[in-house]
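Numbering of the sequence shown is given in our numbering, commencing with residue 78 and proceeding in unit increments.
Don't be surprised by glycine CBs; every beta carbon is placed ideally from N, CA and C.
Note that the structure is a prediction, hence the values are computed from the model and not measured.
For reference, the structure discussed in these notes is given below.
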Amino acid sequence: MGRLAQFGQRVRDTALGIPGLGVMLLAMRNYVMHQSANQAGSLAFSWVLAMFPLLILVSSAAAFVGQPGDAAALVDRVVSYLPPLVQEAMQPVIKQVLAQRSQALLAIGLVTTLWTASSGMQGIRTALNRAYGVERGLSFWKARLKVTVFTVVVGSVALAAFSWVVILPYIWQLLEANAGVGRETLWLRQSVRYGMAFVVLVVLYAAMYGWLSDNRQRLYTVLPGAVVGAAFWVAAAATLSYTLGTAGKLALVYGSFASVVATLVFLYISATTLIFGAEINGVLREKVTPPGPG
């Protein structure tokens, strides 16, 4: 047993000593120790609650500020990044929600969205504090004010950042004009779509890592986790687009709830990529932070 333990220790030390791999392994260990899987489930549930009030808010605002069709087009483009089975579950509800526009719905959407979305942000803040080893955070009211302001700012920035999707039809026309219509063009389309999503997610993840946690962060300390988290999200979205292409397999287990389950799984994985990126930053922070006295 002694030799076996020594061999296992040598393998562990070797793996942890490999640049990149050691950080990933430590981040996975911390993810388990911090019970981040439970946090990811809580975040997925919060996002479900916030999603449709947000659509009401966008739809109602579009009726008075701009063209209602613009909101529907923007939402359709953003939803196109989701796996087909998730789109199948969400699109009928989205169309029904976007068909309702009034001042009352605008007020309801604003209040409900701020409350539910800020609760989701509060969950993210808690997960980030665990990843960064924050023992004592802000008081309840300071934390609530912080996440509410952040929800408004990030929501506005996210809508602005994703608004670039209106230029995609022109990019597709340019690709088809120069490369023709075929498998190569389809591959280029997917690469451009996921490449743009990756850039937007890096910015959003970095903003959350840098400002939501209760310790001081700098840009260079949050970028590694933002890049890793965004890359994992893109990989997960692309993989689920193939594995969840139809409801056939899930329907064998979940019946008519297959699309709903697929949506929850996708949101859970999205929350996992966000938290895991923070764990990456937490590990890197421990490596560069000198130990305290005693």
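Residue burial classification, residue i (beta-carbon count within 10 angstroms, cutoff 16)
i: THR193; result: buried
i: GLN199; result: buried
i: SER318; result: buried
i: PRO367; result: Below a pLDDT of 50, predicted positions are generally treated as unreliable, and PRO367, at 49, falls in that range; the measurement from the model is reported next regardless. Answer is exposed; the Cβ neighbour count stays below 16.
i: GLY371; result: Residue placement at GLY371 is flagged as unreliable, the pLDDT there being 43, under the threshold of 50; the coordinate-derived value follows with that caveat. Burial call: exposed.
i: SER113; result: buried
i: ASN107; result: buried
i: SER347; result: buried
i: THR320; result: exposed
i: TYR209; result: buried
i: TRP330; result: As written in the sequence, residue 330 is Val, which differs from the Trp given in the question. Exposed, since its Cβ has fewer than 16 Cβ neighbours within 10 Å.
i: VAL231; result: buried
i: VAL360; result: buried
i: VAL224; result: buried
i: GLY369; result: Confidence in GLY369 is poor, its pLDDT being 47 and thus under 50, which makes the residue's placement unreliable; the coordinate value appears in the next sentence. When all chains shown are included, GLY369 counts as exposed.
i: ALA355; result: buried
Reference residue i, options the options, closest by Cα
i: GLN164; options: LEU341, LEU351, GLY354; result: LEU341
i: ASP153; options: PRO160, ALA166, ILE171; result: ILE171
i: PRO169; options: SER336, VAL330, SER195; result: SER336
i: PHE51; options: TYR282, VAL269, LYS364; result: Residue numbering for the chain in the displayed model covers 78 to 371; residue 51 lies beyond these limits and cannot be assessed.
i: LEU191; options: ARG207, LEU361, VAL226; result: VAL226
i: LYS219; options: SER290, VAL276, VAL125; result: SER290
i: PHE334; options: THR203, MET167, GLY359; result: MET167
i: GLU363; options: ARG207, GLY332, MET285, VAL231; result: ARG207
i: ASN292; options: VAL360, VAL338, VAL330, LEU205; result: LEU205
i: VAL188; options: ARG295, VAL360, PHE129; result: PHE129
i: HIS111; options: THR203, VAL156, TYR297, SER216; result: THR203
Contacting residues, own chain, Cβ-Cβ under 6 Å from residue i (five flanking each side not counted)
i: PHE63; result: Residue 63 falls outside the range modelled here, since the chain spans only 78 to 371, and no answer is possible.
i: PHE275; result: ALA307, VAL311
i: GLU212; result: none
i: THR294; result: For clarity, residue 294 is Gln in the given sequence; the question names Thr instead. Excluding sequence neighbours, GLN294 sits near GLY287.
i: LEU215; result: ASP291
i: VAL109; result: none
Own chain residues within Cβ distance below 7 Å of residue i, not counting five before or after
i: TYR345; result: ALA117, GLY118, ALA121
i: SER196; result: SER123
i: ILE357; result: VAL100, ALA104, PRO301, GLY302, VAL305
i: LEU278; result: ALA307, TRP310
i: PHE343; result: LEU159, PRO160, VAL163, LEU317
i: ALA127; result: THR190, THR193, ALA194, GLY197
i: VAL299; result: ALA283, TYR286, GLY287, ASN358
Same chain only: Cβ atoms within 8 Å of residue i, ignoring 5 sequence neighbours per side
i: ALA315; result: GLN267, TYR271
i: VAL229; result: LEU191
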